[in-house]
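Trainee: Provided herewith is a single structure, encoded as structure tokens, for subsequent inquiry.
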Amino acid sequence: MPTALSVPTDLLTLTVDETGVAILELNDPDASVNKISWDTLNAFSDALDVIETHADLSGLVIASGKPDSFIVGADLEMLQTFEIPAEARRVSREAHALGERVRSLPVPTVAALHGPVMGGGLELALNCDYRIASTADATKMALPEVQLGLLPGGGGTQLLPRLIGVQKALSLLLTGKNTYPDKARRIGLVDALVHPPGLPAAARRAARQLASGARAVDREEPSFGDRLLEGNPVSRRIIYRQARTRTEKRTHGNYPAPARIIDAVRTGTEEGLEAGLDVEGQYFGELAFTPESQALVSLFFAKRDAETNPEPTRARPVKTLGVLGAGLMGSGIAQVSVQNGLDVVLKDQSLALAAQGKKAVWSAVNEQKEKGILNTFARDQIVERVAPTADYAPLRAADVVIEAVPEDLSIKHAVLSEVEAVVDADTVLASNTSALPISTIANGVDDPSRVLGMHYFSPVPDIPLLEIVVTEDTSDEALATAYAAGLAQDKTVIVVNDGPGFYTTRILALYMNEALLLFEAGAEVEAVDAAMRDAGFPMGPFELFDLVGLDVAAKITDVMGEALSPDRVDISDCAAQLAEADLLGQKTNLGFYEYDADDDADDKDPQGVHDAVYHHSDASTRSTPPADAVQDRLRLMMVNEAVRCLEDEVLRAPIDGDLGAVFGLGFPPFLGGPFRHVDRQGADTIVDTLQALTDRHGPRFRPADRLRTHANQDTTFHS
Amino acid sequence: MPATASGRTAVFIDGCRLPFQRAGTGYADLMAYDMGRMVLRHLLTRTGLPADRVERVVMGTVVQDVNTSNVAREAALAAGIPNRVPAFTVTMACISSNQAVTSGVDLLRTGQVDAMIAGGTETLSDPPVRLKRPVRKRLFQARKAKSTGDYLNLLDGLSPGDLLPETPAIAEFSTGEVMGESADRLAAMFGVSREDQDRYALRSHEKAAAARDDGRLDEELAPATVPPEFDPITIDNVIRDDTSMDQLRDLPPAFVKPFGTITAGSSSALTDGASATLLMAEEVAEAEGFAPRAALRTYTYVAQDPETELLLGPAYAIPEVLDDAGLALDDIDVIELHEAFAGQVLAVLEALRSDTFAEDHLNRSEAVGAVDMDRLNTRGGSLSLGHPFGATGARLVMSAVNRLHDEDGRWALVAACAAGGQGHALLIERRAS
């Protein structure tokens, strides 16, 4: 029988089995998961005190007492309480010291890993002599700190390259991506795999065998190529340089963490562990206080908060979704639904069209099969949840029906009244329109209280946001049900009030319109796009025009132009002109750019600027304002309009505005969203810049009243 | 002995089948599991039955894929039917899914389940091809071989011919006779002429084509969309619109050459397909708002000498269920008789109206009766719609129920023969809805 050892903490337990193997189980009694915080570090130190002084141990197993996870990473709330970099540095140093104590134990140490093993949890495991992971689907390992603008401060930048090599380590450190058990075993991140119920015994057996010499740590030698490249400091310089180039290309210099990570890895590899840990701790402290990291962390919290349905008890349980229209949007909505276990009735005008939507789902899911993420059966099971049909009758089982039919009010009214005739009284009717007011759509339905907007973004599987749009008539039950559906689809959900273009389309439309005004005044397409990519947007406005289609853009401009007073905006008719000339962008292979007609990707690669497009510009010569001027005009147009959405009560809270812009439109995450950006820059600075733009370009840049108020009172949107 | 209704009543709620496709065509790349999954999913969608309301899944299949030997289970799981719902596969040659249906009837009557799915699935596009026994035996032994010498020893005594794969034959294991030969013999025994057979085959295609064209088959068809292209398959492709007496007359005998009477034109074709029916206990169906379309009454299974009477089962089974229900053949409004071969169908009809057969084999003083051709297979049959072995039985049942409603009858009779000399009959009584 194992005997318990007394440790002065309730965050973990320590027992010794009959063979002398100590088992340390982290188990925070007040939380559903274990996190790294000062309390857990102190508890761990207490446990090590006991272990180090215990005379008769033969090994140590480090495991989690939680059934579904090991350690999910650092406690970010703790991080937010720090006031100076030294405090963050101190945590890092303490983690280093504890790691050193684990590595110095005279007995073999084994980490038993099951469920998420994230950040500090993985670093703890890296300090052990041996790692066993369970084969559960939920088991995954990552050092995701880079995604929060940080680096792993618990020795990750040092221990990981030593275990799996510099190249593989840099890849994991710079992307923060998950490694699953099979891959982890293959790259040497773990030493063995076992089914979950066998994990505790396997870990103890491994410790015993390592102690007795019956088992030696047996890791594969690196490949010849890796040895050649990583084996000497000269060729390793190539690796660092390549990593820097790749990072620069991805981040445009907007994110400080990746460069620091590369530097910490380099220092540790070239100058030794001690020097490496030293810079790691120093950088960790610095990065935690960068505005970029703070913006990313605030988004993390905002996203997490949005994962809770505000009124879960009012929701009709969501099991089956009806989707009308099996095109790109409809099949995308179907895909994220069935991938998350919902059933979907996918209706289009004919079975053949509906089946093409199912084909799109199959193709996407089959790719995962080809990559070995899913087996054939799992693929079949997911895809079979899509029931294609040309009839309305099978929709009767739907809890929510989402229409993704063409943006024509009469079509939308027609299909929704057909749906209303077959579904339950409390089935939610949702429109995926990107611009039509929901209230006018609801006019065509007997019971407008069940109608709302569920605005998804293309490509649906890749863009995390769902913007739910409610009217004055929308019932709380319909909202709660739609929210539940969005969460079930693993979307980040925001709720906004009805209005022309709601929130996201409205701020995007003015941003895009501003790009057209630049174009009309002579700016070059490529230069503007490059400036906005450098500013951290995922693509430039003209690339985006070509992707969504100039016809769609012209339609949105129409709706927005009608809705916004003309003394406030100068609407460019450029999109309409191009649409008229059939320069629709990717779908006609000509727009602002030229595309290869043989390219059948959903997002084609431009083959260069379509020079004839400049015939539609008023300017006789081409000249682009400096990049920062372009960036200010476009970004602040979006920010200013976001504030107006708050004034107009389209937005219910600034946090929704930040989430919507970042997760729906690709507003630069390191800025944290429009409102976080204003808070960080200071409303007065933003107002000054807008005022200057107003003087140069006209009243469309007039600062929103709320901005002036915050500027005058020196206050912020976020508390 | 017929199994008479006792305890609760098993009712038929709904049924559907994938459009049947000649082997090697529409479903050529699918496994039986794929088709089973698709038809189960379709049945759930069209009935609106929540997947977790299903308490048992039973499916028939004949040519098994060893990777999915309990194909009902794999198909049910992939169709989204919960893990905790048991599923089993039955095999009884061409009456496999009849057995699936009556297994369901028993489970419902005895109160073991309240709602279940019975069906069948079959691919004949991908018959299991095996290495020959000498090779298989050596492969088995090779698991223990260690040295190169051990492996070389295994080659000892192996002849080049052993390396050729073997394909399964559609022959009786006990007699070695191909089914077409038995049917040819049966037709001769009952004096069925070549011309009668051709005429019956033509009739089957004409009835099927008419039913397809005027939409009578629509309610049982579940359109299939097959990866990777997902072009919908909406109709049966075994039906020959272009066949004629002249064409049929010119075909050579397919099995007994040169003087046999059965040709490819009067034989059912190798077919892929799947079918499924939703069955419930009547009181449960009514309580839960599902309208029963028919009650599944008495049924029976019979078995004869697989050499002389391989496909004569219906002639034995039909009088058993009629007697049990106290009905005469004339009381039956709708007859669905499996068509393995035109000659076999006509032989069964001859046997039913023969006093001699009744006296000699059924221990009756007079014949069971003459089948009214206007009540028989009015939507075509296995000859024209196709015959995916394990899926045909459930098709017969759904067709019988649909016809009872369309043709305004009360009693339907389903009967079928099967390899092994076995046969089946089931009485169905229409419900009001």
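As they're listed, the protein sequences go chains A and B.
Quick note on my numbering: the first sequence kicks off at 843 and runs consecutively.
Quick note on my numbering: the second sequence kicks off at 12 and runs consecutively.
Where a beta carbon is used, it is the ideal one built from N, C-alpha and C, also for glycine.
Just so it is clear, the structure is predicted and the values come from calculations on it, not from any experiment.
Figure out for me which residue from 1392(A), 1408(A) and 1299(A) has the closest Cα to the Cα of residue 1455(A).
Mentor: In the first sequence, residue 1455(A) corresponds to position 613, counting from 1. When only C-alpha atoms are compared, the closest one is 1392(A).
Trainee: By Cβ distance below 6 Å, which residues in the same chain neighbour residue 1011(A) in space, the five residues on each side in sequence not counted?
Mentor: Position 169 of the first sequence holds residue 1011(A). Taken in chain order, the residues that qualify are 1002 and 1003.
Trainee: Please tell me whether residue 130(B) has its Cβ less than 9 Å away from any Cβ of chain A.
Mentor: Here residue 130(B) is taken as the residue at index 119 of the second sequence, counted from 1. Chain A contact via Cβ: absent.
Trainee: Give the interface partners of residue 1238(A) over in chain B, defined as CB-CB distance under 7 Å, in chain order.
Mentor: Counted from its first residue, the first sequence places residue 1238(A) at position 396. Per Cβ cutoff of 7 Å: 59.
Trainee: Assuming the contact rule is C-beta atoms closer than 8 Å, residue 1507(A) and residue 1499(A) should be a hit. Round their C-beta distance to whole Å, please.
Mentor: Within the first sequence, numbered from 1, the residue matching residue 1507(A) stands at position 665. Within the first sequence, numbered from 1, the residue matching residue 1499(A) stands at position 657. About 11 Å; that fails the 8 Å criterion.
Trainee: Indicate whether at least one CB of chain B lies closer than 9 Å to the CB of residue 1223(A).
Mentor: What you label residue 1223(A) is simply residue 381 of the first sequence in a count that begins at 1. At least one chain B Cβ lies under 9 Å of residue 1223(A).
Trainee: Start and end of the beta strand (DSSP E) containing residue 1281(A)?
Mentor: On the first sequence, residue 1281(A) is found 439 positions in, with the first residue counted as 1. Taken as a continuous stretch (DSSP letters only), residue 1281(A) belongs to no beta strand (DSSP E), being part of the alpha helix (DSSP H) at 1280-1284.
Trainee: Output, in sequence order along the chain, the residues in the stretch 227-249 of chain B whose CB is closer than 8 Å to any CB in chain A.
Mentor: Within the stretch 227-249 of chain B, the qualifying residues are 234, 236, 238, 239, 240, 241, 242, 243 and 245.
Trainee: What's the C-alpha gap between residue 1379(A) and residue 1055(A)?
Mentor: Working through the first sequence from its first residue, we reach residue 1379(A) at position 537. Working through the first sequence from its first residue, we reach residue 1055(A) at position 213. Distance between the alpha carbons of residue 1379(A) and residue 1055(A) is about 56 Å.
Trainee: Taking 9 Å as the CB-CB limit, is residue 1208(A) close to chain B?
Mentor: Residue numbering aside, residue 1208(A) sits at position 366 when the first sequence is read from its first letter. So, interface residue.
Trainee: Less than 9 Å between CB atoms is the rule here; does residue 26(B) satisfy it with respect to chain A?
Mentor: Start at 1 with the first residue of the second sequence, and residue 26(B) comes out as number 15. Chain A contact via Cβ: absent.
Trainee: By the three-class DSSP mapping on this structure, what secondary structure does residue 140(B) have?
Mentor: By 1-based counting over the second sequence, the position of residue 140(B) is 129. Here residue 140(B) sits in coil by DSSP.
Trainee: Quick one: which chain A residues come within Cβ less than 7 Å of residue 90(B)?
Mentor: On the second sequence, residue 90(B) is found 79 positions in, with the first residue counted as 1. Simply 1226.
Trainee: Going by DSSP, what residues sit across from residue 428(B) in a beta bridge?
Mentor: Residue mapping note: residue 428(B) aligns to position 417 of the second sequence, counting from 1. Partner(s): 434(B).
Trainee: Is any beta-carbon of chain A found at less than 9 Å from that of residue 45(B)?
Mentor: For the purposes of this step, residue 45(B) is taken as residue 34 along the second sequence, with counting starting at 1. Cβ-Cβ to chain A under 9 Å: yes for residue 45(B).
Trainee: For the stretch 1175-1205 of chain A, list every residue whose C-beta sits within 8 Å of some C-beta in chain B, in sequence order.
Mentor: Cβ contacts with chain B come from 1185, 1187, 1193, 1194, 1197, 1198, 1200, 1201, 1204 and 1205.
Trainee: Identify every run of the beta strand (DSSP E) within the stretch 36-100 of chain B, keeping only runs that are complete inside it and at least 3 residues long; order them along the chain.
Mentor: List check, beta strand (DSSP E) in window: 68-71.
Trainee: Roughly how many whole angstroms lie between the Cα atoms of residue 377(B) and residue 339(B)?
Mentor: Within the second sequence, residue 377(B) is the residue found at index 366, counting from 1. Within the second sequence, residue 339(B) is the residue found at index 328, counting from 1. Answer to the nearest angstrom: the Cα atoms are 12 Å apart.
Trainee: Less than 9 Å between the C-beta atoms of residue 954(A) and residue 887(A), yes or no?
Mentor: As a first step, residue 954(A) is located in the first sequence; it is residue number 112 there, counting from the start. As a first step, residue 887(A) is located in the first sequence; it is residue number 45 there, counting from the start. Cβ distance not < 9 Å, so residue 954(A) and residue 887(A) don't count as in contact.
Trainee: Skipping 5 residues on each side, what residues in its chain have a beta carbon closer than 8 Å to that of residue 1119(A)?
Mentor: Taking the first sequence and counting its residues from 1, the one referred to as residue 1119(A) is at position 277. Closer than 8 Å at Cβ, skipping near neighbours: 938, 997, 1000 and 1110.
Trainee: What residues in the stretch 1439-1454 of chain A bring their beta carbon closer than 8 Å to a beta carbon of chain B?
Mentor: Correct list: empty, as no residue qualifies.
Trainee: Run through the stretch 872-921 of chain A for me and flag every whole beta strand (DSSP E) of 3 or more residues, listed as ranges in chain order.
Mentor: 901-906, all fully within the stretch 872-921 of chain A.
Trainee: Once the 5 residues before and after residue 254(B) are set aside, which same chain residues still bring their CB inside 8 Å of it?
Mentor: The count along the second sequence starts at 1 and reaches residue 254(B) at position 243. Around residue 254(B): 212, 213, 216 and 276.
Trainee: When DSSP labels each residue in this structure, what does residue 1317(A) get in the three-state scheme?
Mentor: Along the first sequence, one-based indexing puts residue 1317(A) at 475. DSSP places residue 1317(A) in coil when its eight states are reduced to three.
Trainee: Would the stretch 228-244 of chain B count as touching the stretch 159-178 of chain B if we require 3 or more Cβ pairs under 8 Å?
Mentor: Verdict: no, contact absent.
Trainee: With the cut-off set at 9 Å, would you say residue 915(A) and residue 1138(A) are in Cβ contact?
Mentor: By 1-based counting over the first sequence, the position of residue 915(A) is 73. By 1-based counting over the first sequence, the position of residue 1138(A) is 296. Their beta carbons are not under 9 Å apart, which means residue 915(A) does not touch residue 1138(A) by this criterion.
Trainee: Can the beta-carbon of residue 893(A) be found closer than 9 Å to that of residue 966(A)?
Mentor: Numbered from 1 along the first sequence, position 51 holds the residue referred to as residue 893(A). Numbered from 1 along the first sequence, position 124 holds the residue referred to as residue 966(A). For residue 893(A) and residue 966(A), no; Cβs fall outside 9 Å.
Trainee: Between residue 18(B) and residue 434(B), what straight-line distance do the alpha-carbon atoms span, to the nearest angstrom?
Mentor: What you label residue 18(B) is simply residue 7 of the second sequence in a count that begins at 1. What you label residue 434(B) is simply residue 423 of the second sequence in a count that begins at 1. About 25 Å.
Trainee: With a threshold of 7 Å on Cβ separation, who are the neighbours of residue 101(B) within its own chain once the five nearest residues in sequence on each side are excluded?
Mentor: Here residue 101(B) refers to the residue found at position 90 when the second sequence is read from its first residue. Taken in chain order, the residues that qualify are 69, 71, 107, 110, 111 and 114.
Trainee: Excluding sequence positions up to five away, which residues of its chain have a Cβ less than 7 Å from the Cβ of residue 1389(A)?
Mentor: Along the first sequence, one-based indexing puts residue 1389(A) at 547. Taken in chain order, the residues that qualify are 1427, 1428 and 1445.
Trainee: Who are the Cβ neighbours of residue 394(B) in its own chain at under 6 Å, not counting the five residues just before and after it?
Mentor: Within the second sequence, numbered from 1, the residue matching residue 394(B) stands at position 383. If we look at residue 394(B) and ignore the five residues flanking it on each side, its Cβ neighbours are 212, 215, 279 and 350.
Trainee: Can you tell me whether residue 1297(A) is helix, strand or coil according to DSSP?
Mentor: Position 455 of the first sequence, counting from 1, holds the residue named residue 1297(A). Reduced to three states, the DSSP call for residue 1297(A) is strand.
Trainee: Give me the DSSP bridge partner(s) of residue 32(B).
Mentor: The sequence position of residue 32(B) within the second sequence is 21, counting from 1. Paired residues: 283(B).
Trainee: Leaving aside the five residues before and after residue 1254(A) along the sequence, list all residues of the same chain whose C-beta is less than 8 Å from its C-beta, in chain order.
Mentor: Reading the first sequence from its first residue, position 412 is the one you call residue 1254(A). Here the set comprises 1245, 1247, 1273, 1275, 1278, 1283 and 1286.
Trainee: Does the beta-carbon distance from residue 283(B) to residue 34(B) come in below 9 Å?
Mentor: Residue numbering aside, residue 283(B) sits at position 272 when the second sequence is read from its first letter. Residue numbering aside, residue 34(B) sits at position 23 when the second sequence is read from its first letter. Against a cut-off of 9 Å, the Cβ pair of residue 34(B) and residue 283(B) comes out as a contact.
Trainee: The alpha helix (DSSP H) with residue 366(B) in it runs from where to where?
Mentor: Looking up residue 366(B) in the second sequence gives position 355. Per DSSP, residue 366(B) belongs to the alpha helix (DSSP H) from 366-372.
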